[in-house]
Amino acid sequence: MKIVDRIIGRYTQYASFEGSHNPIVSLSISEKGTFIAGAGIGGVGIWDVKTLAPVSVPYRYMSPTEPRYQVSVCSWLFFELNARHVLLLGTFDGDLVAWQYNETKRIFESSAYALPKPTAKRVTSLHVYDANVSPQHYARIVVSYADNSVGIWKLSSTGDFVSVSSNAFDPAFKARVVRFDGERSIWAFSQDSGRIAVLPKKEDKFQLRKEAGPKRIGDVAMDSSNDRLVVSTGKDFQVLSISTLKHLKTFERSAPTTVLSPKQVRFVERGCKLIAGTDSAHAAMYDVEKGKLEQKLVYPRGGLVQTVASGQDSDWSYVAVAGSTAEQPSDIIIWRRRLQTKAWATLDSTSPKPLSFYAFLLAALIGVVCALFLYQTFQPTLTISMEYGGGHSALVVTSHTSVPLPVTHSPGQIQRTRRYISTAHGNKNGGRRSNRKWDPKTPHKEQHHSSSHHDENQPFDDHLGSASSPSPTTAADVATITTENRVMAIDEQLDYDEELEYDEEPDGYESEGGDGYEDEYSAPY
1 MKIVDRIIGR
11 YTQYASFEGS
21 HNPIVSLSIS
31 EKGTFIAGAG
41 IGGVGIWDVK
51 TLAPVSVPYR
61 YMSPTEPRYQ
71 VSVCSWLFFE
81 LNARHVLLLG
91 TFDGDLVAWQ
101 YNETKRIFES
111 SAYALPKPTA
121 KRVTSLHVYD
131 ANVSPQHYAR
141 IVVSYADNSV
151 GIWKLSSTGD
161 FVSVSSNAFD
171 PAFKARVVRF
181 DGERSIWAFS
191 QDSGRIAVLP
201 KKEDKFQLRK
211 EAGPKRIGDV
221 AMDSSNDRLV
231 VSTGKDFQVL
241 SISTLKHLKT
251 FERSAPTTVL
261 SPKQVRFVER
271 GCKLIAGTDS
281 AHAAMYDVEK
291 GKLEQKLVYP
301 RGGLVQTVAS
311 GQDSDWSYVA
321 VAGSTAEQPS
331 DIIIWRRRLQ
341 TKAWATLDST
351 SPKPLSFYAF
361 LLAALIGVVC
371 ALFLYQTFQP
381 TLTISMEYGG
391 GHSALVVTSH
401 TSVPLPVTHS
411 PGQIQRTRRY
421 ISTAHGNKNG
431 GRRSNRKWDP
441 KTPHKEQHHS
451 SSHHDENQPF
461 DDHLGSASSP
471 SPTTAADVAT
481 ITTENRVMAI
491 DEQLDYDEEL
501 EYDEEPDGYE
511 SEGGDGYEDE
521 YSAPY
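Residue numbers (UniProt numbering): 1 to 525.
Now the structure itself:
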């Protein structure tokens, strides 16, 4: 099944990691697909995506018992200036923490806390404007808290947090999710009032954009380049236009809803696909344009699979899913699909092809096999049998198809099979059979392979005694075979009167009346 999925361009399971004994509430794949992080009440785990090896993290976060070390959300940054991977963590105690990767020690270390701490309430959402931070630029971060406040931060490549601003919503708003759009405006989505607010770039106050959106918003994925966002409501996944906030479509369900807790959603492959969590032991992969379910990514342990992530490197697109059931071990599973080649991208840069390179390789292989089969099946064979001895000769012609001659055969295509017959010994099959490949360079002497119950190592040679006798190649060239109702006829009589001399008389051959030999000439046409 894995090979089939790969051939038709579906995602295949790549790796599985054992997480904590509690739900994993946040997953994140780093920029360039280098690391994957999974976080929850049970701790934080990081793995190298290429080697699949675990990476050490600060011990306080491995099996935490205090809310300040229990992580509710995580997200990656990559600073180009010093080629440094940084993991941002929001905790149940309202902390915003940055870990940086130490290349020398190959571990993650705590590098900075966002201070002053704005609240002691849980971080509900965290988003970065651009995970790949250019040199001489700050990383821009927006964070929402359980007390309905939203904080905006900047982080330098040296690990210093700078507070930009803080906004508080009225208690009825309940800012559950915050996101940057492509213009660096910040969007805030109310958890259960249907309201959506926007903080434009360089403004300091949120402006209400929609009063009656989806009644329940648990997670949001934004794709500014295609002017759409997807809202997870707990029951379904709704697509809205970013510019107008009009409803565009609702994705079909991959399974009945059993829990109203919202499932996470992430765009994949530059917005062409969407990965979404479910309550039913799988994550759902959708084709965004069609709004159709494309694939179910099965979670072997079963139960809730509400946490998902996406990422990619230069060759692969990755998606990750994690178990979300309480009091049950939670695994992290990575699936991947090879990205389309440059040739495909040139043909169509708007959406990935359903078939990959492997599909064309398989199709080419099948085509070659079919061509060989047809060639072998429909290649006709001309067989001319001649019997000598007992004072008479007989000419028998057989053919496997109705394709007419003449045809010209290249050297080596005509094969003669000779069997010596000794009726005096009462055993026709006791003679020697000789298979020869005719060589026009030496028409009077051919190499042969013999098979008999007699001594197979005993050599013998044939000599055509009459110079006027045609070679089998010549005979085949002048013969015209036609077939009608499987009746064969010879258009021209062939002169096969031969005088044969033997250096050594073969075993079982006696020059008596009724004894002789049989020649059979075969060639494809």
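Here a beta-carbon is modelled for each residue, glycine too, at the ideal position from N, C-alpha and C. If you're wondering where the values come from, they're calculated on a predicted model, not measured in any experiment.
{"Asked": "Residues that Gly182 bridges to, as DSSP identifies them", "Found": "Answer is none; Gly182 lacks a bridge partner."}
{"Asked": "Span separating the alpha-carbon of Ala255 from that of Arg176", "Found": "25 Å"}
{"Asked": "Residue range of the unbroken beta strand (DSSP E) whose run includes Gln100", "Found": "96 to 102"}
{"Asked": "Endpoints, beta strand (DSSP E) assigned at Asp331", "Found": "331 to 338"}
{"Asked": "When Ser166, Thr250, Asp279, Asp315 are compared against Tyr286, the one with the closest alpha-carbon", "Found": "Thr250"}
{"Asked": "Presumed contact (8 Å Cβ cut-off) between Ser75 and Leu126, rounded CB distance", "Found": "5 Å"}
{"Asked": "Nonlocal neighbours in the same chain, by C-beta distance under 8 Å from Glu31, ignoring five residues either side", "Found": "Trp76, Leu77, Phe78, His85, Ala131, Asn132, Gly311"}
{"Asked": "Exposed unless 16 or more other CB atoms sit within 10 angstroms - verdict on Ala282", "Found": "The displayed chain sequence assigns His, not Ala, to residue 282. Per the 10 Å Cβ criterion, buried."}
{"Asked": "One or two residues paired with Ala221 in a DSSP bridge", "Found": "Val230"}
{"Asked": "Pairwise C-alpha distance: Ile334 and Ser56", "Found": "20 Å"}
{"Asked": "Nonlocal neighbours in the same chain, by C-beta distance under 7 Å from Ser156, ignoring five residues either side", "Found": "Tyr138"}
{"Asked": "Neighbourhood of Gln458 by C-beta distance below 6 Å, restricted to the same chain and skipping five residues each side", "Found": "Low local confidence applies: a pLDDT of 36 at Gln458 is under 50, so the model's placement there is unreliable, with the coordinate-based value given in what follows. Correct list: empty, nothing qualifies."}
{"Asked": "Cβ contact check for the region 305 to 324 and the region 262 to 270: 3 or more pairs under 8 Å", "Found": "yes"}
{"Asked": "Limits of the beta strand (DSSP E) - the one that Leu240 falls within", "Found": "237 to 241"}
{"Asked": "Outcome for Leu81 when other beta-carbon atoms lying within 10 angstroms are tallied against a minimum of 16", "Found": "exposed"}
{"Asked": "Contact under 8 Å by Cβ, Arg301 with Trp316", "Found": "no"}
{"Asked": "Reduced DSSP secondary structure (H/G/I, E/B, other) of Cys272", "Found": "coil"}
{"Asked": "Within the region 128 to 183, ranges of the beta strand (DSSP E) (whole runs, at least 3 residues)", "Found": "139 to 145, 149 to 155, 161 to 168, 175 to 180"}
{"Asked": "Val368, DSSP secondary structure in three states", "Found": "helix"}
{"Asked": "Residue span of the beta strand (DSSP E) that contains Met285, given as start and end", "Found": "282 to 287"}
{"Asked": "Boundaries of the beta strand (DSSP E) in which Ser72 is found, first to last residue", "Found": "71 to 79"}
{"Asked": "Distance CB(Tyr145)-CB(Lys121) smaller than 8 Å", "Found": "yes"}
{"Asked": "Endpoints, the beta strand (DSSP E) within which Val259 is located", "Found": "Element bounds for Val259: n/a, residue is neither H nor E."}
{"Asked": "7 Å Cβ shell around Ala172 - same chain, five flanking residues per side excluded", "Found": "Ser193"}
{"Asked": "As assigned by DSSP and simplified to three states, the class of Lys353", "Found": "Here Lys353 scores only 44 on pLDDT, less than 50, and its place in the model is too uncertain to base an answer on."}
{"Asked": "Three-pair Cβ contact test at 8 Å for the region 16 to 28 versus the region 317 to 331", "Found": "yes"}
{"Asked": "Residue 549 versus Lys202: straight-line alpha-carbon distance, rounded", "Found": "Nothing about residue 549 can be read from this structure; the chain reaches only from 1 to 525."}
{"Asked": "Buried versus exposed, by CB contacts within 10 Å (16 or more), Leu96", "Found": "buried"}
{"Asked": "Helix, strand or coil at Tyr59 according to DSSP, with G and I counted as helix", "Found": "helix"}
{"Asked": "Nearest candidate by alpha-carbon position, reference Gln340, set Val288, Cys370, Cys272, Gly323", "Found": "Cys272"}
{"Asked": "Status (buried if at least 16 other CB within 10 Å, exposed otherwise) for Asp223", "Found": "buried"}
{"Asked": "Secondary structure of Phe373, DSSP reduced to three states", "Found": "helix"}
{"Asked": "Neighbourhood of residue 529 by C-beta, 8 Å cutoff - its chain only, sequence neighbours within 5 removed", "Found": "Past the edges of the chain, shown from 1 to 525, lies residue 529, and the structure says nothing about it."}
{"Asked": "Beta-carbon proximity of Pro67 to Asp93, cut-off 8 Å", "Found": "yes"}
{"Asked": "Extent of the continuous beta strand (DSSP E) run through Leu293", "Found": "292 to 298"}
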